[in-house]
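Number of protein chains: 2
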Amino acid sequence: MPHGSDSLLVQLFIIFVAAKLCGELFERLRLPGVLGEILAGVVLGPYAFRVVIPTDTVYSMAEIGAIFLLFTVGLETSPQDLIRVGRVSLNVAIAGIAVPFVLGFVFLKLHGEPLHEAIFIAAAMVATSVGITARVLRDLHVLKTRTAQIILGAAVFDDILGMVLLGVVISMASGGGVNWLHLAFVTAEAVAFALFMIFVAPRLVGRMKPGLQKMQTSDAPLVLALAICLGLSVAATKIGMAAIIGAFFAGLAFADHAHHWNLEPRAQAINQFLSPFFFFTMGARLDLSVFSRDVLMVAGIISFLALISKVIGCGLPLLRHGWKDALKVGVGMTPRGEVALIVALIGLQMNVISQRAYAVVIFMTAVTTILPPPFLRILYRKESQAAVSQTPLSPGDESENVSGEIG
Amino acid sequence: MPHGSDSLLVQLFIIFVAAKLCGELFERLRLPGVLGEILAGVVLGPYAFRVVIPTDTVYSMAEIGAIFLLFTVGLETSPQDLIRVGRVSLNVAIAGIAVPFVLGFVFLKLHGEPLHEAIFIAAAMVATSVGITARVLRDLHVLKTRTAQIILGAAVFDDILGMVLLGVVISMASGGGVNWLHLAFVTAEAVAFALFMIFVAPRLVGRMKPGLQKMQTSDAPLVLALAICLGLSVAATKIGMAAIIGAFFAGLAFADHAHHWNLEPRAQAINQFLSPFFFFTMGARLDLSVFSRDVLMVAGIISFLALISKVIGCGLPLLRHGWKDALKVGVGMTPRGEVALIVALIGLQMNVISQRAYAVVIFMTAVTTILPPPFLRILYRKESQAAVSQTPLSPGDESENVSGEIG
Numbered sequence: 001m002p003h004g005s006d007s008l009l010v011q012l013f014i015i016f017v018a019a020k021l022c023g024e025l026f027e028r029l030r031l032p033g034v035l036g037e038i039l040a041g042v043v044l045g046p047y048a049f050r051v052v053i054p055t056d057t058v059y060s061m062a063e064i065g066a067i068f069l070l071f072t073v074g075l076e077t078s079p080q081d082l083i084r085v086g087r088v089s090l091n092v093a094i095a096g097i098a099v100p101f102v103l104g105f106v107f108l109k110l111h112g113e114p115l116h117e118a119i120f121i122a123a124a125m126v127a128t129s130v131g132i133t134a135r136v137l138r139d140l141h142v143l144k145t146r147t148a149q150i151i152l153g154a155a156v157f158d159d160i161l162g163m164v165l166l167g168v169v170i171s172m173a174s175g176g177g178v179n180w181l182h183l184a185f186v187t188a189e190a191v192a193f194a195l196f197m198i199f200v201a202p203r204l205v206g207r208m209k210p211g212l213q214k215m216q217t218s219d220a221p222l223v224l225a226l227a228i229c230l231g232l233s234v235a236a237t238k239i240g241m242a243a244i245i246g247a248f249f250a251g252l253a254f255a256d257h258a259h260h261w262n263l264e265p266r267a268q269a270i271n272q273f274l275s276p277f278f279f280f281t282m283g284a285r286l287d288l289s290v291f292s293r294d295v296l297m298v299a300g301i302i303s304f305l306a307l308i309s310k311v312i313g314c315g316l317p318l319l320r321h322g323w324k325d326a327l328k329v330g331v332g333m334t335p336r337g338e339v340a341l342i343v344a345l346i347g348l349q350m351n352v353i354s355q356r357a358y359a360v361v362i363f364m365t366a367v368t369t370i371l372p373p374p375f376l377r378i379l380y381r382k383e384s385q386a387a388v389s390q391t392p393l394s395p396g397d398e399s400e401n402v403s404g405e406i407g
Numbered sequence: 001m002p003h004g005s006d007s008l009l010v011q012l013f014i015i016f017v018a019a020k021l022c023g024e025l026f027e028r029l030r031l032p033g034v035l036g037e038i039l040a041g042v043v044l045g046p047y048a049f050r051v052v053i054p055t056d057t058v059y060s061m062a063e064i065g066a067i068f069l070l071f072t073v074g075l076e077t078s079p080q081d082l083i084r085v086g087r088v089s090l091n092v093a094i095a096g097i098a099v100p101f102v103l104g105f106v107f108l109k110l111h112g113e114p115l116h117e118a119i120f121i122a123a124a125m126v127a128t129s130v131g132i133t134a135r136v137l138r139d140l141h142v143l144k145t146r147t148a149q150i151i152l153g154a155a156v157f158d159d160i161l162g163m164v165l166l167g168v169v170i171s172m173a174s175g176g177g178v179n180w181l182h183l184a185f186v187t188a189e190a191v192a193f194a195l196f197m198i199f200v201a202p203r204l205v206g207r208m209k210p211g212l213q214k215m216q217t218s219d220a221p222l223v224l225a226l227a228i229c230l231g232l233s234v235a236a237t238k239i240g241m242a243a244i245i246g247a248f249f250a251g252l253a254f255a256d257h258a259h260h261w262n263l264e265p266r267a268q269a270i271n272q273f274l275s276p277f278f279f280f281t282m283g284a285r286l287d288l289s290v291f292s293r294d295v296l297m298v299a300g301i302i303s304f305l306a307l308i309s310k311v312i313g314c315g316l317p318l319l320r321h322g323w324k325d326a327l328k329v330g331v332g333m334t335p336r337g338e339v340a341l342i343v344a345l346i347g348l349q350m351n352v353i354s355q356r357a358y359a360v361v362i363f364m365t366a367v368t369t370i371l372p373p374p375f376l377r378i379l380y381r382k383e384s385q386a387a388v389s390q391t392p393l394s395p396g397d398e399s400e401n402v403s404g405e406i407g
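Encoded structure:
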């Protein structure tokens, strides 16, 4: 409505259009659109051309955007697949988390960074971005190959392990020192929460079905899912985890019923509206002037370590299946995305990491996101050609489930 | 994420759940759910139990909620129907706007209210709530009857005329006095904008189809619709109309393609998430202590005038088709909803109307919303029974297009 709030609408309009235009431009250059949305924030934000100085409301919407982003990722993740996928995926995920974390942490400590900053940056190096990986494999029509299945399974485990790690890191940072008893308790809490959400919560949602049909509220399943998404986001913060972890598990609890209730495209719609604010403000927080020669060097090394640590860590458990399979899985697990950015953002908000550490993580995310897709295209060329020649494709397919928006 | 924003998530969670629970309760009592959502705000808000004191961010989200509410109404309205429906609907709409406005304005001036307050309350008495009317007729399975078609057509004209009137009233109020030249200019601008949006804009959107298919951004039609929704909201405020009018026309421009692009359920999802904040804060602004005996009397009279003025105004053009058809259309056009509340809210935000005038409008909205549905059930009993006996119904129909959320 009029006066005062005018400026909010103008801001929302500029941010939304700028983010989406830059995203489109990047997609046309065969780069992930999300990087374009972040770049829009860097260029128009307070540290560059100052076209948009986001208000508190915009930052709040960005936060809610992050919640729906992870809620949608949860909706697209099947708890059965999570349970079913074999030891291979779990091994890939564990090694793929341990190697980047250790390599990153050791380098940063040797380079003389403070403990918490080293932990945060190392934690940001850990989580593979499911969205980009899945998107590329889907575009190549190789989602049904064995290695693709392993990658997807491992990416899911990786997400959860990364999230637990994030919870641990946050509680460590907010607790001041490293309290091992507290750490054990927080970890146990996170694991219990995760186990409950994976094994029990989906069944509870299933049991609600008859009750939901009796509800008079229009669209009761969506309303319930949104309420639980908000509720678990709150609950996660109460046990010291990030709100987005709760949102992810809320999505996971509804994943089995997402199709029946048509939840996914509708959660995705909320996402489409809110996520540009998230990625734009992410860029708007980036002070480009911190990219001194030293920071650029650190960013370069961290990016290099992020690349090889995933290829090595994730490839290793696959080595007995041949180096090509190992390489496929390793490269497929390389892209980092929204989780890395969220870890860095939380660190920045908690004043645990500096502007330059934040810049390093954004740089690393960009590098690990831009480089793997072309390599995947080369590695999967044979399977891709076979798949394309077998099945006639509908390029105008409207039911895009794996969206480019997610990381 | 953590600290500070915790409280935002807690607020959002409480508001969302409380609004939806009260809405469900009201639906079970066969009352419109939206009244329950408002009541939740009244009870938990700052003037009663003070469980939730909404922050600026929540009010901003409420404002965006109003925008998506009207965007969705626009999406559900066909510009062709708007052009095609005959003179009857237009006459019903015009008489149905003139009679309540004149009756309300004359009474309020006689009662000694200030000019602007009288204009705002009278303007709030004007707009029929399409959502409730359509919902009731749909529940009775009489949407295909001639009178129902007339009601729906008239409700659409009524919406636009009411919105133009709202624009005029706002610009009058913000301009200080009644500048007739300015008024004529604003009216011409509003009419030109409306004509452009009804006749030209839908074709422009149609022409964008080939270009949209080439877009790399996932879900390009939805993204474009959201961008245009925000853009026209801004544009509307720039020519002195309310932002929601722009949002309505944005929806209207996409209405013809809403089905092809599956826009409606997805816009509705954003709506489902945001509209509870709108209705809740609407209630939270209501200071119950203003309901003195005098205010209650005024509220009672205004509600009575709101009821009979629509029945008379909308029934009159139908009288030659028999009193029963006239009564059906008159009663069907009676419910007021979100537009009335928005008019009052804008008046309150502009400091043009008082808390007690705001309370009068909420009271009037409640009365005109609660009373007509039972009368409609009686008036349409015969047609309803015939329709039900003819077609086997699917009560579990999941594709609810006419949502109870809309007013």
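Read top to bottom, the protein sequences are chains A and B.
Heads up: the first sequence begins at 1 in my numbering, then just goes up one per residue.
Heads up: the second sequence begins at 1 in my numbering, then just goes up one per residue.
Don't be surprised by glycine CBs; every beta carbon is placed ideally from N, CA and C.
None of these values were measured; they are calculated from a predicted model.
7 Å Cβ cut-off: residues of chain A touching Val17(B): Here residue 17(B) corresponds to residue number 17 of the second sequence, with the count starting at 1. Ala227, listed in chain order.
Residues of the stretch 24 to 52 of chain A whose Cβ lies closer than 8 Å to any Cβ of chain B, in chain order: Glu24, Glu27, Arg28 and Gly33
Integer Cβ distance of Leu263(B) from Phe273(B), believed to fall under 8 Å: Reading the second sequence from its first residue, position 263 is the one you call residue 263(B). Reading the second sequence from its first residue, position 273 is the one you call residue 273(B). Wrong, their Cβ atoms sit about 16 Å apart, outside the cutoff.
Other residues of its chain near Leu212(A): CB distance less than 6 Å, five sequence neighbours each side excluded: In the first sequence, counting from the first residue as 1, residue 212(A) sits at position 212. Ala220 and Pro221.
Interface residues of chain A facing Met215(B) [CB-CB closer than 7 Å]: Within the second sequence, residue 215(B) is the residue found at index 215, counting from 1. Under the 7 Å cutoff, chain A gives Glu24.
Which residues DSSP lists as bridging Thr128(A), in chain order: As a first step, residue 128(A) must be located in the first sequence, where it is residue number 128. Answer is Arg336(A).
Every unbroken alpha helix (DSSP H) inside the stretch 255 to 295 of chain A [4 residues or more]: 263 to 284
Per-residue contacts from Asp56(A) into chain E (C-beta, under 8 Å): The chain labelled as chain E is not found among the protein chains of the depicted structure, namely A and B.
Below-8 Å beta-carbon distance, Thr408(A) vs any chain B residue: In this structure chain A extends from 1 to 407, so residue 408(A) is not present and cannot be described.
Members of the stretch 268 to 301 of chain A that neighbour chain B once the beta carbon cut-off is set at 7 Å: Ala269, Ile270, Gln272 and Phe273
Segment contact flag, the stretch 348 to 358 of chain A with the stretch 23 to 38 of chain A, C-beta cutoff 8 Å, min 3 pairs: no
For Asp294(B) and Pro46(B), the rounded distance between their alpha carbons: The residue you call residue 46(B) lines up with position 46 of the second sequence. The residue you call residue 294(B) lines up with position 294 of the second sequence. If you take the alpha carbons of Pro46(B) and Asp294(B), they lie about 23 Å apart.
Three-state secondary structure assigned by DSSP to Lys144(B): Stepping through the second sequence from its first residue, residue 144(B) is reached at position 144. Residue state, collapsed to three classes: coil.
8 Å Cβ cutoff, Val191(A) in contact with chain B: Counted from its first residue, the first sequence places residue 191(A) at position 191. So no, Val191(A) is outside the interface.
Start-to-end residues for the alpha helix (DSSP H) that takes in Ile38(B): Numbered from its first residue, the second sequence carries residue 38(B) at position 38. That run of the alpha helix (DSSP H) goes Gly33 to Leu44.
Contact under 8 Å by Cβ, Ile15(B) with Phe363(B): The residue you call residue 15(B) lines up with position 15 of the second sequence. The residue you call residue 363(B) lines up with position 363 of the second sequence. No, the Cβ-Cβ distance between Ile15(B) and Phe363(B) is not below 8 Å.
N-terminal and C-terminal residue of the alpha helix (DSSP H) that Glu63(A) is part of: Position 63 of the first sequence, counting from 1, holds the residue named residue 63(A). That run of the alpha helix (DSSP H) goes Asp56 to Leu75.
CB contact check: Glu400(B) to chain A, cutoff 8 Å: Within the second sequence, residue 400(B) is the residue found at index 400, counting from 1. Annotation note: pLDDT 38 at Glu400(B) (below 50); position unreliable, coordinate value reported separately. Yes, contact with chain A.
Any C-beta of chain A under 8 Å from that of Gly162(B): Here residue 162(B) refers to the residue found at position 162 when the second sequence is read from its first residue. It does not; no Cβ of chain A falls within 8 Å.
Beta-carbon proximity list for Leu327(B), same chain, < 8 Å, skipping 5 on both sides: In the second sequence, residue 327(B) corresponds to position 327, counting from 1. Counting only Cβ-Cβ distances below 8 Å, and skipping sequence neighbours, we find Val311, Gly315 and Leu379.
Contact list for the stretch 104 to 132 of chain A against chain B, Cβ threshold 9 Å: none
Three-state secondary structure assigned by DSSP to Phe16(A): Counting from one through the first sequence, the residue named residue 16(A) turns up at place 16. The answer is helix: DSSP assigns Phe16(A) an H, G or I state.
Close beta carbons around Gly36(A), own chain, < 6 Å, minus the five adjacent residues each side: Along the first sequence, one-based indexing puts residue 36(A) at 36. The answer, listed in chain order, is Cys22, Gly23, Leu25 and Phe26.
The stretch 48 to 55 of chain B contacting the stretch 370 to 384 of chain B, beta-carbon criterion three pairs below 8 Å: no
Start and end residues, alpha helix (DSSP H) containing Leu204(B): As a first step, residue 204(B) is located in the second sequence; it is residue number 204 there, counting from the start. Where Leu204(B) is concerned, the enclosing alpha helix (DSSP H) stretches over Ala201 to Arg207.
Contacts that Val10(B) makes with chain A (C-beta to C-beta distance below 8 Å): Numbered from its first residue, the second sequence carries residue 10(B) at position 10. What Val10(B) touches in chain A: Val234.
Any chain A beta carbon closer than 8 Å to Val223(B): Here residue 223(B) is taken as the residue at index 223 of the second sequence, counted from 1. Closer than 8 Å to some Cβ of chain A, the Cβ of Val223(B) qualifies, so yes.
First through last residue of the alpha helix (DSSP H) which encompasses Pro372(B): Position 372 of the second sequence, counting from 1, holds the residue named residue 372(B). It spans Pro372 to Leu379 - the alpha helix (DSSP H) in which Pro372(B) sits, taken as one unbroken run.
8 Å Cβ cutoff, Lys20(B) in contact with chain A: For the purposes of this step, residue 20(B) is taken as the residue at position 20 of the second sequence. Output row for Lys20(B): interface = yes.
Reference Ser303(A), options Met282(A), Pro335(A) and Ser292(A), closest by Cα: Taking the first sequence and counting its residues from 1, one reaches residue 303(A) at position 303. Selected option, being the one with the closest Cα: Pro335(A).
Rounded Cβ spacing between Ile340(A) and Ala98(A) (contact assumed at less than 8 Å): Taking the first sequence and counting its residues from 1, one reaches residue 340(A) at position 340. Taking the first sequence and counting its residues from 1, one reaches residue 98(A) at position 98. Inspection of the sequence shows that residue 340(A) is occupied by Ala rather than by Ile. So it is not a contact: roughly 16 Å between Cβ atoms.
Assigned secondary structure, Met1(A) (DSSP; H/G/I helix, E/B strand, else coil): For the purposes of this step, residue 1(A) is identified with residue 1 of the first sequence, where counting begins at 1. Residue placement at Met1(A) cannot be trusted, given a pLDDT of 36 that sits under 50; what the coordinates show is reported in the next sentence. Coil, per DSSP.
Burial state of Trp261(A), where buried means 16 or more other Cβ atoms lie within 10 Å: Working through the first sequence from its first residue, we reach residue 261(A) at position 261. Result: buried.
Simplified DSSP assignment, three categories, for Gly322(B): On the second sequence, residue 322(B) is found 322 positions in, with the first residue counted as 1. In the structure shown, Gly322(B) sits in coil (DSSP, three-state: anything other than H, G, I, E or B).
Min CB distance Pro265(A) to chain B below 8 Å: Residue 265(A) sits at position 265 when you count from the first residue of the first sequence. Answer yes: the Cβ-Cβ gap between Pro265(A) and chain B drops below 8 Å somewhere.
Selection from Ala154(B), Leu137(B) and Leu307(B) that minimises the alpha carbon distance to Thr365(B): One-based indexing of the second sequence puts residue 365(B) at position 365. It is Leu307(B) whose Cα lies nearest to the Cα of Thr365(B).
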